[in-house]
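As given, the protein sequences belong to chains A and B, one line each in that order. Mapped onto my numbering, the consecutive letters of the first sequence carry residue numbers 2 to 181. Mapped onto my numbering, the consecutive letters of the second sequence carry residue numbers 313 to 701.
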Amino acid sequence: MWVGIIITLLLVILGLYLSMTAGRIDRLHQRIETSSLALDAHLLRRSSIALELATAGVLDLASSVVIADAAHAARTSADLDKVLKAQVESDLTAALDAALEDPEETAVIEITELGSGLLDELDAAFRRVQLSRRFHNDAVRACRQVRSQFLVRIFRLAGHTTWPETCEMDDTRPHGLNER
Amino acid sequence: MKIGLVCPYTWDTPGGVRSHVADLALTLQEHGHTVSVLAPVDDPADLPPWVVDGGRAVSVPYNGAVARMNFGLKAANNVRRWVRDGEFDVLHIHEPLAPGLSLLACWVARGPIVATWHSSHVRSRMLSAGYYIAQTAMEKVRGSIAVSEDARRTLVAHVGGDAVLIPNGVRVAAFLEDGRLPQIAADVPTILFLGRIDEPRKGLDVLLDSLPTIIEKIPNIQVYVAGPGDLGEQHENLNPALSQSVTFLGRLSDEDKARVLRSVDLYVAPNTGGESFGIVLIEAMAAETAVLASDLLAFKRVLEDGKSGALFTNEDSSDLAAHAVRLLGDSAARELLVDAGRARVREFDWDVVVDDVIAVYESVGMPGEKVTTDIRGQIVGRLGMRPVA
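Following this line, the structure appears as structure tokens:
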């Protein structure tokens, strides 16, 4: 009789634990999803400003062409697979860095009100991309940590959800923006 | 943006976290945001309209100290109502692991949640007992901020996860207003000490030991000592020959602290250790007063290795005296430090720092997303029932 009670009690505790942990995993997956959407929104904002910068006439022609091309590729990358999209965004970072690498050149762009306003916006967008990517990867790390627990794997608490992946890309702010 | 800030410690008692939250709230409002602060309140009279009373706090032993915080179902309901009625774009929780309003807010809310970590000495055993529960609430935090490298390291080591470093700000404008403290002599060289007078690591003894040498060179020197602590004992220990030159001001209000900093020629920080940041140095620079500080690592960092404030060898009162005599006799050298300090302080001005905080707010949610109450943690939520409003 006592054995029965103890076993039932243990089962109830196990059940509660599993139910709570399944809730945690669900919440973490939602957090990953929102952080990924937030990152996408900031990336889209960044490529829009880059395109504006390229067509505003404040850059030299060669830089304008390179940035416009990279920004256009980034803006139309929504349907691409995650790794490819990260590559396209890294390419945009590289194009912006090539054009805005030299603080002396950004100083020239900043002379006009239009140019300085666009650089401010681009700087703000870059910072938000860096932050939201960091927060996204932190959510992925937290989720992976729970999902790799023994009981979670045995009881398949994560169901059919895919194993979360971090977002790896180059989002270093162009040197010229840093020095402002 | 509509921002909800949660402060776990009582609004009535001065403290680091509390003044951080107050300064952040004021600056955010100056930048055109709507702010509501939820904090435990003992005395609801003269509460600013943007502070919401989270209830009376009780004293509980926690993390090796007695803290005053809110508990219980009533407190949880207060928090839930505040979150529901606030319709915040961001919920910003301070010191999230402090049980009480902060942990409760994490528990009852969902959506864009940001947390700021202040303390840097969470004991490693602290988390073990409540770890599972705390972890579950912590996982809802979408973005973490740490106010110092030490606080960041604590978070990484004990809770896991990443944090963005955004230093404590100072409301520079508040230190620049006019007005001197009438007690301070205007026509003689003056030195100020700020801090608890009975805490050895604040270094009052180092300053008092240096005084005979300073008086020898500058006989009309006046030293002002401001800060809480047992005055009687300090008076007795004071060499009678020095008592002519030293005035104890006792504890000062925030306004008077700014005034006294503006009124003196030299602010001396002889702290001997245990400082992680040195916000008071920044306040002195904001008040445009020359600074002389011990060469602690934290102070060296704030003073840019002596560029924006002079440094003396820690615990060496003769070195302190030599520097003090030099600076008091040379107003051009003081002016140079004040100019460098003014530039340095810009980096810590809340007016600038707040942009980094807003960048974090905008990075944690999707446009248009709001903070809502979370019922999944409760039985009604688990059974899929709708809550009764």
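Backbone N, C-alpha and C fix where the C-beta goes; we use that ideal spot for every residue, glycine too.
Neighbour list for residue i in chain A, Cβ cutoff strictly below 7 Å
| i | result |
| --- | --- |
| P679 of chain B | A42 |
Chain A contact for residue i (CB, 8 Å cutoff)
| i | result |
| --- | --- |
| V692 of chain B | Residue confidence is low: V692 of chain B scores 44 on pLDDT, short of 50, so the model does not pin down where it sits. Its coordinate-derived value is still stated next. So no, V692 of chain B is outside the interface. |
| T325 of chain B | no |
| E674 of chain B | yes |
| D568 of chain B | no |
| T448 of chain B | yes |
| A421 of chain B | no |
| G344 of chain B | no |
| G515 of chain B | no |
| G455 of chain B | yes |
Chain B contact for residue i (CB, 8 Å cutoff)
| i | result |
| --- | --- |
| Q150 of chain A | no |
| T107 of chain A | no |
| N179 of chain A | no |
| L94 of chain A | In the sequence as presented, Leu is not what sits at residue 94 of chain A; that position holds Thr. Not closer than 8 Å to any Cβ of chain B, the Cβ of T94 of chain A fails to qualify, so no. |
| R174 of chain A | no |
| A143 of chain A | yes |
Identified DSSP bridge partners for residue i
| i | result |
| --- | --- |
| Y18 of chain A | Answer is none; Y18 of chain A lacks a bridge partner. |
| I315 of chain B | B:V347, B:V402 |
| E661 of chain B | It is worth fixing the name first, because residue 661 of chain B is Asp in this sequence and not Glu. DSSP, once it has assigned bridges, lists B:V482 as partnering D661 of chain B. |
| L578 of chain B | B:I503, B:A602 |
| S91 of chain A | S91 of chain A pairs with nothing; no bridge assigned. |
| T428 of chain B | B:H406, B:I457 |
| Y321 of chain B | Looking at the DSSP assignment, Y321 of chain B forms no beta bridge with any residue, so it has no partner. |
| A421 of chain B | B:T685 |
| Q534 of chain B | B:T502 |
| L477 of chain B | B:A458 |
| F560 of chain B | B:V537 |
| D542 of chain B | DSSP lists no partner for D542 of chain B. |
| V363 of chain B | B:V349 |
| L158 of chain A | DSSP output for L158 of chain A lists no bridge partner at all. |
| A622 of chain B | B:L604 |
Neighbouring residues, chain B, relative to residue i (Cβ below 8 Å)
| i | result |
| --- | --- |
| L29 of chain A | E451 |
| S78 of chain A | Those within 8 Å of S78 of chain A in chain B number zero; the least Cβ separation is about 19 Å. |
| A39 of chain A | S675, V676, G677, M678 |
| R32 of chain A | E451, K452, R454 |
| R154 of chain A | Per Cβ cutoff of 8 Å: no residues; R154 of chain A is ~18 Å from chain B at best. |
Contacts of residue i in chain A (Cβ-Cβ under 8 Å)
| i | result |
| --- | --- |
| V476 of chain B | L132, R135 |
| A671 of chain B | A125, R128, R129, L132 |
9 Å Cβ cut-off: residues of chain B touching residue i
| i | result |
| --- | --- |
| Q146 of chain A | G472 |
| S48 of chain A | The contacting residues do not exist; S48 of chain A stays about 16 Å from chain B at best. |
| S117 of chain A | What S117 of chain A touches in chain B: nothing, since even the nearest Cβ is about 16 Å away. |
| T35 of chain A | G423, P424, R454, V676, G677, M678, E681 |
| R25 of chain A | Q447, T448, E451 |
Integer-rounded CB distance, given that residue j should sit under 8 Å from residue i
| i | j | result |
| --- | --- | --- |
| M678 of chain B | A39 of chain A | 5 Å |
| V580 of chain B | I503 of chain B | 6 Å |
| V318 of chain B | L413 of chain B | 5 Å |
| V592 of chain B | I478 of chain B | In fact, because the Cβ distance is near 19 Å, the residues do not count as touching under 8 Å. |
| F400 of chain B | G507 of chain B | That belief does not hold up - the Cβ atoms of F400 of chain B and G507 of chain B are roughly 37 Å apart, past 8 Å. |
| D98 of chain A | H176 of chain A | 7 Å |
| G328 of chain B | L350 of chain B | About 18 Å; that fails the 8 Å criterion. |
| R15 of chain A | A671 of chain B | Sequence check: residue 15 of chain A is Leu here, not Arg. Incorrect: roughly 44 Å between the Cβ atoms, too far for contact. |
| P582 of chain B | L632 of chain B | 6 Å |
Under 7 Å by beta carbon: chain B residues contacting residue i
| i | result |
| --- | --- |
| L17 of chain A | Those do not exist, as L17 of chain A stays about 10 Å from chain B at its closest Cβ, beyond 7 Å. |
Cross-chain neighbours of residue i in chain D, by beta carbon under 7 Å
| i | result |
| --- | --- |
| D139 of chain A | Here the protein chains are A and B, and chain D is not one of them. |
Residue i CB to nearest heavy atom of the ligand ATP below 7 Å
| i | result |
| --- | --- |
| L38 of chain A | The ligand content of the structure shown is nil, which means the ligand ATP is not present either. |
Fill in: Segment contact flag, the stretch 3 to 13 of chain A with the stretch 100 to 120 of chain A, C-beta cutoff 8 Å, min 3 pairs
Contact between the stretch 3 to 13 of chain A and the stretch 100 to 120 of chain A is absent, because fewer than three Cβ pairs lie under 8 Å.
Discussion item. Within 8 Å, do at least three Cβ pairs link the stretch 150 to 163 of chain A to the stretch 71 to 87 of chain A?
Written reply: no
Discussion item. Would you call the stretch 390 to 408 of chain B in contact with the stretch 327 to 344 of chain B, where contact means no fewer than 3 C-beta pairs closer than 8 Å?
Written reply: Contact annotation: the stretch 390 to 408 of chain B touches the stretch 327 to 344 of chain B, with at least three C-beta pairs closer than 8 Å.
Discussion item. Quick test of the definition: if touching needs 3 or more C-beta pairs under 8 Å, does the stretch 121 to 129 of chain A touch the stretch 340 to 350 of chain B?
Written reply: no
Worksheet item: Are the stretch 23 to 33 of chain A and the stretch 130 to 146 of chain A in contact at 8 Å, needing three or more beta carbon pairs?
Response: yes
Item to complete: Check whether the stretch 609 to 621 of chain B touches the stretch 641 to 653 of chain B, counting contact only when three or more Cβ pairs, one atom from each stretch, lie closer than 8 Å.
Response: Short answer: they touch.
Worksheet entry | Three-pair Cβ contact test at 8 Å for the stretch 464 to 478 of chain B versus the stretch 556 to 575 of chain B | no
Fill in: Validate contact between the stretch 67 to 86 of chain A and the stretch 143 to 151 of chain A using beta carbons, cut 8 Å, 3 pairs
Contact between the stretch 67 to 86 of chain A and the stretch 143 to 151 of chain A is absent, because fewer than three Cβ pairs lie under 8 Å.
Discussion item. Is it the case that the stretch 18 to 26 of chain A contacts the stretch 44 to 52 of chain A, given that we only count it when at least three CB pairs across the two stretches are under 8 Å?
Written reply: no
Worksheet item: Is it true that the stretch 451 to 466 of chain B meets the stretch 419 to 430 of chain B, where meeting means three or more beta-carbon pairs spaced less than 8 Å apart?
Response: yes
Worksheet item: Between the stretch 599 to 606 of chain B and the stretch 570 to 580 of chain B, do at least 3 Cβ pairs fall closer than 8 Å?
Response: yes
Worksheet item: Between the stretch 606 to 613 of chain B and the stretch 637 to 644 of chain B, do at least 3 Cβ pairs fall closer than 8 Å?
Response: no
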